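Here the structure comes first, spelled out in structure tokens, and everything after it is commentary.
Residue numbers (our numbering): 4 to 1270.
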């Protein structure tokens, strides 16, 4: 048989590409569905993945199950059969089983040495499946194999380290080598297409495309092997995980000239619809592929969308002309592909436009896209992040003060820079290293990196390092012919491979061009070379050299004129190019004379832009409009720049001296104050309150007070400028333009202002301080009896106060009679009740009943973490005739109160009717659900208990028995364990995916800046708390022998095997739906985690109570005296975080030290917060054991109050606040679960086991009752 030659192979590839393009023009093609979903249905075992020992000799027995790509080696027949099934279902393109077949991912399985073989086999299997199918079905048309390259499990744009945003766990070169190996093997295996898919980080994609193009170039296959590029939009924000919009992504990788762009994974068709529509409109000269998931995953991580439903949605995409190729990703099977194929087979494909119509404008991208065209006129490139040109920036980099350096970058963006020039040329630093470090930091600041960058250096190794850090598309500044054509071409080719535009200096082997003819000649020569290399004209940006004028040297006088006059001629002979320049160069002779320099810059740009200059590296914040320049100064600048007067330099210097002599003193005085201090006093008060500034508040209030003509009474200052300012704060907060921490700071300033005025008001009007402003609506707030938690209530109080409500805050643990008295004494218009723990819900019902009996009918607002609209509608509202409204958080409190107290009777009644209708529906639904709920009998639930193996060898004996106390524990040890996400949630600062969690929240475009400020203030507060020992943490732990009895309870035993306490379990009872989850028919109780008594095995249990709340009340009292409501809420939120951190830290010490059942554990803080360790620590009153009365056993066993000072309130809340308690279980298969709803038979049994009445038991477990 004749062996194929290279030319045969090239001809075959050419034929295959032509067939693919013909098919794309003829019909909508179908790509296959998920390989993983098909494999999951086969219930493969570890043996399927490791049956061939020849492939793997490892010291450690690392499981391979889940490494689906490895099946191409061990079970190729399975992979082949899946390919055949997809082909038979209508697929035109099948993907190789190689999504994770790269050395980075396979290193986790110690299989990196097999990567080439895995890709070869995967490609060969798919190739054989296609050819066999075509032989069996000769009329089916061509079928194609796409070599799948996934994103790896590392990213170039995101740091995996919380404490080091500049760190990356992989490098560009490492990714390029990784993808080169994979692409080479897939090509050798016979794939028709290279498919780079599920792109979550554009920088990774650029590295992959760089590798793919280099492999294709080496093999002369660049025009023969189509490349498909498919991104993954992670949520409804329309961005990749690395933060780019879909437009920015396309712009960033378009230089690789893929045949097909597309979207896959993460979203279902419904969610993907707006983005595929946007992509279809934006990318007019490329074919489009769309293969979404089968809907969104359900709570079990499974995909529910049916084949018919998915097919109908993709059919709509096809009918609307959005797609050329469709298929499925996660959750899709052969049934989905068959349905999609049938639905789309008669629909015409999307038509693409000629390439000439696309990207004629000049596109750049950071996280967002920027288009430069005729409507843009002029592009400002921020100049101040330049060590050679900005002393401040240089000093910040030398001082390693990168945060301030980033602020300098942020200022330029805020001042209108459309790109950002970054230059780190300095003899005293490592240029490439510093460029990488600074750009990595920049990538963590979305407000900055949303715009593209201009990588600026005289060293090409620095430029190259910068190119490897950028996921977007920017500009390189710069290259030139000064080192000859060979080096010029080498640099240009590399820049082109990264997709950047390039600035070319008018500089050649003879030196820098100063005359017009030289400028034009060098630019024309450079243009011809770059076009031959393949640069698009609009990616070529010429800098004809802006040189300094006014130096005193006659030969320099015409430099500006030469630049301006060369522009038009360069653009005419180099059609499509752009012209740029460093504008500040023009005025270097006037250093130190900023007013003169700024005027020169504006005048120069006015004339240069008219001649065709379309980009400039400038300080946009200092540019003045041409018409706003003093006419005398403007004329002098034009004389100099346009070389109209031989004495122009001398005249301009004389004018500069005149400005300085007359203006220095005024300038010095003005610069010593912020600009806003020059406003009138009312505007200054408004500025102080809105911005939370208290430095000048007393001085400005006093100025108002002394103006008796304008403010005859001190009260009018509050009613006028202060309340107007607070009204604006309320409006800004309601519109989402201010965030909660800012509102609270505003309230703090307002309090200080009012406190200053109170003595004057009391003397002048006789009004007490209880209600300074007459006619305010009064709202009484209270945390109900037995509950010590009040952060949420305090926040609501501040927000309401900012909206002109008179708030009477009764504090915590407030009994119903005190609430009733306050309502009457203050003639309250609304009462708000708050609570965090479940016993508080009963107390709220008590208050509602008491208000009803007393004949009170004012609106009642319910709020707090444990409350819900459902409980409010079902349990509270029926006990009170007045309006009852559940309020989810502080942001809704103002809206609810304004509706409830509206002067518009019709508006108020309509609001109340809507509430009542909604509550009626909730109650009706509850009644229906209660009737339909299905429970196992309690005895049956026990028979289906969670059965664990208990082995004496696995059970570790604690290293001591009894208790150990920790008093005044070092808070510094707890800081690393703080989980910051709940802290930001408390302040209602919630980032959008992927910036929901700390530290990514700082990258969020909406709340990131405020989150960073709040975090910094929290750090300052913590430093103070630690230094002054103001906040103290105590804890106690205890270890005991234990066994489970009667399938439900845990007896705690002393050394003589005598029972000293009992912990009672509650078992899941609500019937579970049958599914593939092996645990679905098991009904859990905490008792399942302890060895039963009848086994004869000694088991052990731990208990703990921790608090970080000692000293908190005293701190808050001091802050209240200072009217510092922000500080009070801040310190309480910090104390709560310290309590949880203490629990996490102590649990780690228990596992490794005090109990020692995993003494070799090595987990990061991130892993700890993800609960990646063995063992659990559930708390009484929470889902695994919802009965708070179990806390009494913990307190009694460990003498908690006498040992630590921590107490239980009447409602079993822990004092001091910022405390928690729980139970330690060590079994490696113990896990958290939710008990859910309970039937009556278990309640009866539980009451009997606890020796208490059924009525009391039902009250304790009210939220868990299923009847």
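Quick reminder that beta carbons are idealized off the backbone N, C-alpha and C, glycines included.
This one's a predicted model, so the numbers in the text were calculated from it and none came from an experiment.
By the Cβ neighbour-count rule, residue 230 is buried, with 16 or more other Cβ atoms within 10 Å of its own.
Pairing residue 390 with residue 396, the inter-Cα distance amounts to about 6 Å.
Secondary structure within the stretch 386 to 466: the alpha helix (DSSP H) runs of 4 or more consecutive residues, fully enclosed, are 394 to 401, 405 to 417, 434 to 445 and 449 to 452 (chain order). In this model, residue 169 and residue 157 are separated by some 14 Å (Cα to Cα). Under the rule that a run must span 3 or more residues, the beta strand (DSSP E) segments found entirely inside the stretch 480 to 525 read 504 to 508.
The stretch 331 to 341 and the stretch 293 to 304 touch, with three or more beta-carbon pairs separated by less than 8 Å. Contact between the stretch 190 to 206 and the stretch 485 to 493 is absent: fewer than 3 CB-CB pairs across the two stretches fall below 8 Å. Pairing residue 1157 with residue 977 gives a Cβ-Cβ distance that is not under 8 Å.
In this chain, residue 1222 is not harboured by any alpha helix (DSSP H); it is covered by the beta strand (DSSP E) spanning 1222 to 1227.
In the assembly as shown, residue 153 is a buried residue. Its beta-carbon has 16 or more other beta-carbons within 10 Å.
Taking C-beta separations shorter than 8 Å and ignoring five residues to either side along the sequence, the partners of residue 1268 in its chain run 1240, 1241, 1246 and 1261, following chain order. In the displayed model, residue 1209 falls within coil according to three-state DSSP, outside both helix and strand. The Cβ neighbour count for residue 380, taken over all protein chains shown within 10 Å, is under 16; the residue is labelled exposed.
When secondary structure is reduced to three states using DSSP, residue 1095 falls in the strand class. Relative to the Cα of residue 76, the nearest Cα in the group 953, 126 and 1005 belongs to 126. Looking at the backbone, the Cα of residue 567 and that of residue 642 are separated by about 15 Å. Put simply, the stretch 215 to 224 does not touch the stretch 131 to 139. Fewer than three CB pairs are less than 8 Å apart. Per DSSP, the continuous alpha helix (DSSP H) segment holding residue 1030 begins and ends at 1011 to 1031. Per DSSP, the unbroken beta strand (DSSP E) holding residue 1046 starts and ends at 1035 to 1048. One alpha carbon belongs to residue 1017, the other to residue 838, and they sit about 25 Å apart.
The stretch 1084 to 1140 is shown to contain whole beta strand (DSSP E) runs of 3 or more residues at 1102 to 1113, in chain order.
Between the stretch 1163 to 1177 and the stretch 1193 to 1203 there are fewer than three inter-stretch CB-CB distances shorter than 8 Å, so the stretches are not counted as touching.
Taken in chain order, the stretch 210 to 242 contains no complete alpha helix (DSSP H) segment of 4 residues or longer.
Nearest C-alpha to residue 886 among 1264, 871 and 916: 916. Note that the stretch 747 to 762 does not touch the stretch 820 to 840; fewer than 3 beta-carbon pairs, one per stretch, sit closer than 8 Å. With contacts defined as CB atoms closer than 8 Å, residue 181 and residue 107 qualify as a contacting pair. Shown here, residue 609 sits in a helix according to DSSP, grouped into three states. Around the beta carbon of residue 304, fewer than 16 other beta carbons sit within 10 angstroms, so the residue counts as exposed.
Contact between the stretch 474 to 489 and the stretch 504 to 511 is present: three or more C-beta pairs spanning the two stretches fall below 8 Å. A residue is called buried once 16 or more other Cβ atoms fall within 10 Å of its Cβ, and residue 14, having fewer, is exposed. Judged by beta-carbon spacing, residue 432 lies beyond the 8 Å limit of residue 458, meaning their Cβ atoms are not closer than that value. Between residue 419 and residue 695, the alpha-carbon positions lie close to 26 Å from each other.
Residue 245 has its alpha-carbon roughly 34 Å from the corresponding atom of residue 733.
In this structure, the straight-line span from the alpha carbon of residue 385 to that of residue 519 is close to 27 Å.
Within the DSSP bridge table, the entry for residue 817 names 787 as partners. Nearest neighbour of residue 1071 by Cα position, chosen from 1012, 963 and 1189, turns out to be 1189.
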